[in-house]
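2 protein chains.
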Amino acid sequence: MNTLTSEIEIIKSKTSKINEVDFENLSFGKTFSDHMLECHYKNGKWEAPKVVPYHPITLDPSAKIFHYGQSVFEGMKAYKDANDDIFLFRPLDNCKRLNISSKRLAIPELPESYFMEGLKALLKVDSDWIPKKDGSSLYIRPFVFASGNGFHASPADEYTFLIACAPSGSYFSGKVKVLIEEKYSRSANGGVGFAKAGGNYAGQFYPTQLAIEKGYQQVIWTDDNTHEYIEEAGAMNIFIRINDTLITGPTSDRILDGITRKSIIELAKAEGIPVEVRKITVHEVVAAAKNGSLKEMFGAGTAAVISPISGFGYHGEDFDLPELENTYASSLKKRITDIQTNKCDDPFGWRYKVE
Amino acid sequence: MNTLTSEIEIIKSKTSKINEVDFENLSFGKTFSDHMLECHYKNGKWEAPKVVPYHPITLDPSAKIFHYGQSVFEGMKAYKDANDDIFLFRPLDNCKRLNISSKRLAIPELPESYFMEGLKALLKVDSDWIPKKDGSSLYIRPFVFASGNGFHASPADEYTFLIACAPSGSYFSGKVKVLIEEKYSRSANGGVGFAKAGGNYAGQFYPTQLAIEKGYQQVIWTDDNTHEYIEEAGAMNIFIRINDTLITGPTSDRILDGITRKSIIELAKAEGIPVEVRKITVHEVVAAAKNGSLKEMFGAGTAAVISPISGFGYHGEDFDLPELENTYASSLKKRITDIQTNKCDDPFGWRYKVE
Ligand SMILES: Cc1ncc(COP(=O)(O)O)c(C=O)c1O
Ligand SMILES: Cc1ncc(COP(=O)(O)O)c(C=O)c1O
C-alpha cells in the first residue's frame, strides 16, 4: 500500500466564489467550494493527490466512464462548531467503503492515506465553506471514475479520484411519503447493490419518477425475487418501529452498509431501545399499520440524516403513520447530530477532528 | 416528436488522422475517426445534432454521469462493399433500443430522425474510415450521458448524445472458453438488464477478471436467484446446439434483446435448422456435454458477430466442446456477414444503404 511521502501539494484558486453564496438559504449539492482534491491512476499506480482549484474535467469521448459506468462514490459531511473547529463523522469508514465499492467495480483501490490526508488538506483550504447554521453542513463527495479510453468492454487503464464539496442545506424538506415497490428492483443477488456504484442510482430514477407522479417522494426497494422483504430507500437505509421495538433489515450484497444505519443501531441500543436487525416483510409492516402497532418509519443516511416517513403506499392502498409526540426519529436525530457537530460527548469515538 | 427541419450542420476537421492508421492491423475500438455527431439536451428539448471534429468533452466535476451512472449506449457497424457503397445492419432497431434503454434510465428519448439522419451525415463525412478488409468494419458507438450538474440523486436536466466511430478488427481472437457463473449476477428482475446501460457493464468486470484468472475469457451469466438458467454473456447472447436443435433463452427484463440474436433465429429457421427459444438450464447443458449431444455453443452480438465457444467451466469441472467440420456457427456467420457486407441477397430487408 502506497503511503504519502510528503505534504499534499496545494494549488490555490486566484479568486473565490464564496461571496456569491447565500449561506442562510442553501439548497442541496448545487454550489461548489473553491477547491477540490484531484488524484490520477496511471501506469498501474495512484499518483500523489493535489488540492487544486475547482475546475472542469476534460475527457476523450471514448473515456470508459461514458460507456461502461465504471464509477463509485461516497457521501460525507463536515461540520464546524462554535470554536471554528472542523469535524467529520467516521471518515475512515467512508474511505474503506469506497475501496469496497471500487473492488467490486474492478477499479483500483486507493491508498487510505491519499483519501484521509487529501480530504483534510482540502477541508483546511476550504474551511470558510463549512456552514455553521444548524441543519447545514459541507457535503463532501469523494468519487472515482474510469478516465481511460476505448470501446472494448473491459476495465479502464486510467482512473480519476476527486473530492468536491458543496455547502448544503437539508436533503428533504419535511416528512417523506414512500411507495413500497412491487415491480422494479434496485439490485440483484450477487450484483453490485452493496457498492456505492453510479449505476445503482441511475436504475432507480425511472421507478422513482413513476412513484413521484403518484404522489410519493421515495421508493422503498424490496428484494427482486419476491418483493416481500423491505430493503432500503434511494439513498437511505430504513428503520421501522413496531410498538417499542426498532427494526432494520440486515445488510447483504444487495444493500448498502450505511454508516448512519450502523450508528443509529448503536445509539438506540445505548439508549435502551430494543433493536432488532432482521428481515422484515412488507406483510408484517402492513399488518402492523392496520392493527396500530406501527409507530414510526424513518430513513437514515448521511445526506438526509434521519428522515421521518409520514406514510406509505402499497398495492394501491395508502397507510398513514401516527403523529407521535416523542419519536425515536427525533431523539436519535438529535443524538447523532449533537455528536457530529461537537455539541455533546462522543462515547463511541465517532467524531473526527480535522487538524 | 421533433423532426429535423433542415440539413445536418457539418463542421469539418482541419486535419485528418487517417494516415496514421494501419487498416491492415486494426484492434477493436482504439482508434477513432476524424468526426463525431454531437447533440445536446437542454431546457427540456434535444437541440439539432451536428457533425463536428472528434474532440474532448469538458464537464463540471458535479456532472451526473460521474456520480449516478446515467448513461446508455449502442453498438453498430458500417460496412463498405466493392463499389464503395456504405451499409448498416438494421440501424433503426439500434435507434429504438437506445430509446428503450434511455427510458428505463430516465434519460429523455431522442427523436429518431436525429439519430438516423445524424448517423448518415457522419458516415458520409467519415466514409474513408470504413475498412473494406474482410472481418473489419467501422464500429459505431452512439451514446447518451447525463451532462447536467448537481449532487442530488435525481435525473440530470441536461444530456449529451454523441456518435463516435472506430475502424475495428475482430473483438475476440480465436475461440472463447467461458465460465458459467454461480455466484455473481449481471441483473435483477425488475432491474435494468434489458437496457444497454453503462452500469450493467461495470458490474461484470470484476467477476470476469476472476474468470480470466482461472483461464476463461468470458462469463456466462445465470439468473440471480437460482443460477440455474443460462442467460447471456458480457456483450453477447448465447446459442446452444444440442443434437441438431439450436436453442437460445427468451429475452426478459434481465437480458438484452440482441439484434444479432433475433437475426440468427430468423436465419437459422430459414435454413431449416430446428430452433427453440426457451429457458435452458445449466443442468441440461452439462448433461448434454456428458452424453455427447452438446454439439456447439456460440455467442452472438454486433461486436463479436458469432463467436464459437470451445468449452465451458462449471462447478470446478471443465467441459470441452467437439471440433465439428460444418458448424451452425460458421454457416450462420457467413450468412449474416454476407448480408451485412452486400455479398448476397437480403430477403429480410435488413441491409440499409447509406445514401
Ligand atoms: C443506497 C444507499 N443506502 C443507504 C445510504 C446511507 O448510507 P450512509 O449512512 O453511509 O450515508 C446511502 C447513502 O449513502 C445510499 O446511497
Ligand atoms: C449484454 C449484451 N447482450 C447481447 C448483446 C448483443 O446485442 P446485439 O446483437 O444487438 O449487438 C450485447 C451487445 O450489443 C450486449 O451488450
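Line by line, the protein sequences are chains L and Z.
Residue numbering for the first sequence follows our numbering, starting at 1071 and increasing by one per position.
Residue numbering for the second sequence follows our numbering, starting at 1071 and increasing by one per position.
Backbone N, C-alpha and C define an ideal beta-carbon position, used for all residues, glycine too.
Let me see if you follow: with CB-CB separation under 7 Å, is residue i close to chain Z or not?
i: P1212 (chain L); result: no
i: N1313 (chain L); result: no
i: A1236 (chain L); result: yes
i: A1272 (chain L); result: yes
i: M1071 (chain L); result: With a pLDDT of 48 at M1071 (chain L), under the threshold of 50, the modelled position of this residue cannot be trusted, and the question is left open.
i: A1281 (chain L); result: no
i: Y1276 (chain L); result: yes
i: Y1138 (chain L); result: yes
I'd like to know whether the C-beta of residue i is nearer than 7 Å to at least one C-beta of chain L.
i: T1128 (chain Z); result: yes
i: R1174 (chain Z); result: yes
i: N1164 (chain Z); result: no
i: A1191 (chain Z); result: no
i: F1159 (chain Z); result: no
i: N1295 (chain Z); result: yes
i: H1385 (chain Z); result: no
i: A1305 (chain Z); result: yes
i: P1201 (chain Z); result: no
Work out the CA separation of residue j and residue i for me, nearest whole Å.
i: S1380 (chain L); j: E1144 (chain Z); result: 42 Å
i: K1403 (chain Z); j: P1212 (chain Z); result: 24 Å
i: M1071 (chain L); j: M1186 (chain L); result: Below a pLDDT of 50, predicted positions are generally treated as unreliable, and M1071 (chain L), at 48, falls in that range; no measurement from the model is reported.
i: P1178 (chain L); j: S1172 (chain L); result: 6 Å
i: V1246 (chain L); j: G1285 (chain L); result: 10 Å
i: I1210 (chain L); j: D1198 (chain L); result: 14 Å
i: R1256 (chain Z); j: F1102 (chain Z); result: 29 Å
i: N1089 (chain Z); j: L1096 (chain Z); result: 13 Å
i: Q1288 (chain Z); j: E1393 (chain Z); result: 20 Å
i: E1252 (chain L); j: N1295 (chain Z); result: 17 Å
i: G1369 (chain L); j: A1340 (chain Z); result: 56 Å
i: G1383 (chain L); j: T1292 (chain L); result: 13 Å
i: A1338 (chain Z); j: L1189 (chain Z); result: 30 Å
If distances are taken between C-alpha atoms only, which option among the options comes closest to residue i?
i: R1160 (chain Z); options: Z:E1354, Z:R1331 and Z:Y1398; result: Z:R1331
i: L1180 (chain Z); options: Z:D1130, Z:V1347 and Z:C1109; result: Z:C1109
i: I1250 (chain L); options: L:G1263, L:H1297 and L:Y1209; result: L:H1297
i: H1105 (chain L); options: L:I1290, L:L1208 and L:K1203; result: L:L1208
i: P1131 (chain L); options: Z:L1074, Z:K1120, Z:F1231 and Z:S1243; result: Z:F1231
i: E1346 (chain L); options: L:V1352, L:G1261 and L:I1334; result: L:I1334
i: G1099 (chain Z); options: Z:K1247, Z:A1373 and Z:G1328; result: Z:A1373
i: V1356 (chain L); options: L:G1419, L:K1423 and L:I1300; result: L:I1300
i: A1216 (chain L); options: Z:A1272, Z:K1423, Z:E1094 and Z:P1392; result: Z:A1272
i: I1308 (chain L); options: L:F1389, L:P1378 and L:S1076; result: L:P1378
i: Y1184 (chain L); options: L:S1322, L:E1079 and L:P1344; result: L:E1079
i: I1317 (chain Z); options: Z:G1304, Z:A1305 and Z:R1348; result: Z:R1348
i: E1336 (chain L); options: L:Y1384, L:I1406 and L:K1134; result: L:I1406
i: V1375 (chain L); options: L:P1417, L:A1358 and L:G1244; result: L:G1244
i: Y1385 (chain L); options: L:G1419, L:I1290 and L:D1416; result: Reading the sequence as shown, one finds His at residue 1385 (chain L) and not Tyr. Comparing Cα-Cα distances from H1385 (chain L) to each of L:G1419, L:I1290 and L:D1416, the minimum goes to L:I1290.
i: G1218 (chain L); options: L:K1082, L:K1134 and L:K1166; result: L:K1134
i: A1118 (chain Z); options: Z:F1368, Z:E1182 and Z:N1259; result: Z:E1182
i: E1425 (chain Z); options: Z:L1193, Z:A1152, Z:E1090 and Z:L1175; result: Z:L1193
i: Y1276 (chain Z); options: Z:A1258, Z:L1107 and Z:G1304; result: Z:G1304
i: G1328 (chain L); options: L:P1344, L:G1263 and L:K1203; result: L:G1263
i: I1200 (chain L); options: L:A1148, L:V1142 and L:Y1229; result: L:A1148
i: R1324 (chain Z); options: Z:G1342, Z:I1343, Z:P1344 and Z:E1302; result: Z:E1302
i: V1142 (chain Z); options: Z:I1233, Z:A1152, Z:G1220 and Z:K1203; result: Z:I1233
i: V1214 (chain L); options: L:D1204, L:P1344, L:G1220 and L:R1174; result: L:R1174
_Within 7 Å of chain L by C-beta, residues of the segment 1247-1269 of chain Z in sequence order_ = Taking 7 Å as the upper bound on Cβ-Cβ separation, chain L lies near residues K1253, Y1254, S1255, S1257, A1258, N1259, G1260, G1261, V1262, A1267, G1268 and G1269 of the segment 1247-1269 of chain Z.
*Pull out every residue of the segment 1221-1233 of chain Z whose Cβ sits closer than 8 Å to any Cβ of chain L, in chain order.*
If you check each beta-carbon in the segment 1221-1233 of chain Z against every beta-carbon of chain L, the ones closer than 8 Å belong to F1221, H1222, A1223, S1224, P1225 and L1232.
_Residues in the segment 1354-1368 of chain Z having any Cβ partner in chain L nearer than 7 Å_ = Taking 7 Å as the upper bound on Cβ-Cβ separation, chain L lies near no residue of the segment 1354-1368 of chain Z.
*Contact the segment 1225-1237 of chain L vs the segment 1123-1141 of chain L: 3+ CB pairs below 8 Å*: Yes, the segment 1225-1237 of chain L is in contact with the segment 1123-1141 of chain L.
*Given 8 Å as the limit, is there contact between the segment 1228-1242 of chain Z and the segment 1264-1272 of chain Z, that is, 3 or more CB pairs closer than that?*
Because the criterion of three Cβ pairs below 8 Å is not met, the segment 1228-1242 of chain Z and the segment 1264-1272 of chain Z do not touch.
_Quick check: the segment 1356-1370 of chain Z against the segment 1303-1315 of chain Z, are at least 3 beta-carbon pairs closer than 8 Å?_
Result yes; three or more Cβ-Cβ pairs closer than 8 Å.
*Check distances from the C-beta atoms of the segment 1087-1102 of chain L to those of chain Z and list, in chain order, the residues that come in under 9 Å.*
Legend: CB atoms of the segment 1087-1102 of chain L lying less than 9 Å from CB atoms of chain Z belong to residues S1097, F1098, G1099, K1100 and F1102.
*Against chain L: residues of the segment 1323-1338 of chain Z by CB proximity under 7 Å*: Taking a C-beta cut-off of 7 Å against chain L, none of the residues of the segment 1323-1338 of chain Z qualify.
_Short of 8 Å Cβ to Cβ, which residues in the segment 1106-1118 of chain Z face chain L?_
From the segment 1106-1118 of chain Z, only M1106 have a Cβ closer than 8 Å to chain L.
*On the three-pair Cβ rule with 8 Å, is the segment 1147-1166 of chain L touching the segment 1399-1419 of chain L?*
Judged by Cβ distances under 8 Å, the segment 1147-1166 of chain L makes contact with the segment 1399-1419 of chain L, as three or more pairs qualify.
*Taking Cβ-Cβ distances below 7 Å as the criterion, which residues of the segment 1140-1160 of chain L are in contact with chain Z?*
Cβ contacts with chain Z come from Q1140, S1141 and F1143.
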